[in-house]
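To keep things clear, I will list the structure first and then write my remarks on it.
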Amino acid sequence: MALNAAPAPGPRPLAMAMLGKLLPLAGLYLVQGLPYGLQSGLLPVLLRARGLSLTRVGLAKALYAPWLFKLVWAPLVDKWGSSRGWLALSTAALGLLCGLLATLPPAGPGGAALPVPVAALLLLLNLAAAVQDVALDMLAVRLLEPAELGPGNTVQVVAYKLGAALASGGLLALLPALSWTLLFLLLAATYWLAAAAAWVAPALRQLPVPPPSAHPRPSLRLQQDLLAVPGTLWTAGFVLTYKLGEQGASGLFPLLLLDGGISTAELGLWNGVGAVLCSIAGSSLGGVLLARCWQPLPLLRSVLWFRLGGLAYQTALLFQLNSPRTNPVPGTVLRGEGWATGGRSLGSWALLTHTLPGATLLSLCLQHLLGGLVTTTTFTMMMRCSQLAPSALQATHYSLLATLELLGKLLVGTLAGALADSLGPRLCFSLFLALSATPMLYLGFAPSALA
5 MALNAAPAPG PRPLAMAMLG KLLPLAGLYL VQGLPYGLQS GLLPVLLRAR GLSLTRVGLA
65 KALYAPWLFK LVWAPLVDKW GSSRGWLALS TAALGLLCGL LATLPPAGPG GAALPVPVAA
125 LLLLLNLAAA VQDVALDMLA VRLLEPAELG PGNTVQVVAY KLGAALASGG LLALLPALSW
185 TLLFLLLAAT YWLAAAAAWV APALRQLPVP PPSAHPRPSL RLQQDLLAVP GTLWTAGFVL
245 TYKLGEQGAS GLFPLLLLDG GISTAELGLW NGVGAVLCSI AGSSLGGVLL ARCWQPLPLL
305 RSVLWFRLGG LAYQTALLFQ LNSPRTNPVP GTVLRGEGWA TGGRSLGSWA LLTHTLPGAT
365 LLSLCLQHLL GGLVTTTTFT MMMRCSQLAP SALQATHYSL LATLELLGKL LVGTLAGALA
425 DSLGPRLCFS LFLALSATPM LYLGFAPSAL A
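So the mapping is simple: this note's numbering equals the position in the sequence shown, first residue as 1, plus 4.
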């Protein structure tokens, strides 16, 4: 052994070094989740409460469109400037847009439709958040070591969902007490603080900038280069389909409960906060399992079965709620009161009446717990696949996978309301159940490069 060999760093310095990376990533992913929570949790409930059809509520998800074009600017983020600069600039832009939203009324004429200026600013908010996402993912891919992928993706998913919960359930709970203006001013201040933190964080400042020769050059071969990375085609197919059934059910079920009489405050508490906390718990569990030597593919094979069972339970519950023999009195769905048939109470439905609150909450919590576990495991597999690409292509490669993942979720999320209006809730949820079984079959064709 060489006499001048440097001693290996102990576990404590390694843990502190990883913590120095994860803390700034957690803060930035948290503020990145705010626009998603605002538009996925708050707006659909407010629009539905104002009488919009499920179809029109679902079409409001078109505001997420900028996320589908991340591949347009991902090479620009790779090539021009530093990722830290892009990150700080896009986060500051989010604060500016929130400041502008604070000056506009949230309701259009008559209170039914979303005003055009508000919709336009929300579209720009998604554009800035998508640019921030590209820069932040590029930092994460280059910053994290292979042994840090499990904890890193856990922090990513948990912080993002926590931000979404604060902006969905938190806003629904606070909106009666705080004005729209004050809420968006608070969001603006949060973004500006996050932009300053991104600029001064030591771990982000020390990240080496690749030399100019390492940047991907614009070329017609870019897509071929991306698809040539081992495992890319299979991973692209998986992330495009793995959330189809789950996303449709999770977006539609709360609106059906709202139709049954749940108040927006109750829905914000249980679906916006409680369910997201369960999702965070599932994501954290996924990180623990991955850190304890579980590989992503075997873990996915197990948890997808549990997720299918959870969705089957929710579908069965919906069949009971939507039974033609059972008509809920508005305002009693979670409280278990007033269930009657044909103007007379049915003793055979008394058990359902008393167990409905627990059954409804259990279905929501179970769905989000298992969904969080599946998401963390899938994102770890995505990042592992991107690390197989040349360093100059890693950010663009990960953006490709993340864009396809979002496309799959938006596809069914946007059409879920129209499917429910045309097919009815029963047939619609049966379709979601079948879609959730598809990725379980697809896992049998996973390439060895991802094993």
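Note that the Cβ used here is the ideal one computed from N, Cα and C, for glycine as well.
As the structure is a prediction and not an experimental result, all values here were calculated from the model.
CB contact flag (residue i, residue j, <9 Å)
| i | j | result |
| --- | --- | --- |
| residue 65 | residue 247 | no |
| residue 156 | residue 29 | yes |
| residue 255 | residue 420 | yes |
| residue 147 | residue 125 | no |
| residue 425 | residue 183 | no |
| residue 242 | residue 450 | yes |
| residue 455 | residue 299 | yes |
| residue 430 | residue 259 | no |
| residue 292 | residue 381 | no |
| residue 199 | residue 92 | yes |
| residue 261 | residue 275 | yes |
| residue 240 | residue 392 | no |
| residue 160 | residue 257 | no |
| residue 290 | residue 196 | no |
| residue 75 | residue 164 | no |
| residue 437 | residue 249 | yes |
| residue 192 | residue 103 | yes |
| residue 288 | residue 158 | yes |
| residue 447 | residue 296 | no |
| residue 366 | residue 286 | no |
| residue 84 | residue 136 | no |
| residue 442 | residue 194 | no |
| residue 370 | residue 432 | no |
Distance between beta carbons of residue j and residue i, contact taken as under 8 Å
| i | j | result |
| --- | --- | --- |
| residue 459 | residue 401 | What the structure shows of the chain is the stretch from 5 to 455, and residue 459 is not part of that stretch, so it cannot be assessed. |
| residue 2 | residue 395 | This structure leaves residue 2 out entirely; the chain is present only between 5 and 455. |
| residue 38 | residue 190 | The pair is not a contact, with the Cβ atoms about 10 Å apart (cut-off 8 Å). |
| residue 94 | residue 132 | 5 Å |
| residue 315 | residue 440 | 5 Å |
| residue 121 | residue 108 | 6 Å |
| residue 384 | residue 129 | Not really, about 28 Å apart at Cβ, beyond 8 Å. |
| residue 321 | residue 364 | 7 Å |
| residue 230 | residue 397 | 6 Å |
| residue 279 | residue 368 | 5 Å |
| residue 203 | residue 410 | That belief does not hold up - the Cβ atoms of residue 203 and residue 410 are roughly 27 Å apart, past 8 Å. |
| residue 375 | residue 284 | The Cβ separation is near 11 Å, so there is no contact. |
| residue 172 | residue 312 | Not a contact, Cβ separation roughly 26 Å. |
| residue 61 | residue 399 | In fact, because the Cβ distance is near 34 Å, the residues do not count as touching under 8 Å. |
| residue 63 | residue 123 | Residue 63 to residue 123, Cβ: 11 Å. No contact. |
| residue 49 | residue 251 | In fact, because the Cβ distance is near 17 Å, the residues do not count as touching under 8 Å. |
| residue 142 | residue 87 | 5 Å |
Start-to-end residues for the alpha helix (DSSP H) that takes in residue i
| i | result |
| --- | --- |
| residue 60 | 58 to 63 |
| residue 432 | 429 to 446 |
| residue 234 | Taken as a continuous stretch (DSSP letters only), residue 234 belongs to no alpha helix (DSSP H), as it is neither H nor E. |
| residue 284 | 279 to 295 |
| residue 200 | 184 to 204 |
| residue 90 | 87 to 105 |
| residue 130 | 120 to 147 |
| residue 152 | No alpha helix (DSSP H) contains residue 152, which DSSP labels as neither H nor E. |
| residue 260 | 248 to 263 |
Any chain B beta carbon closer than 9 Å to residue i
| i | result |
| --- | --- |
| residue 83 | The question asks about chain B, but that chain is absent: this structure has only one protein chain. |
(message) I want to know whether the stretch 418 to 432 touches the stretch 233 to 244 - three or more CB-CB distances under 8 Å.
(response) no
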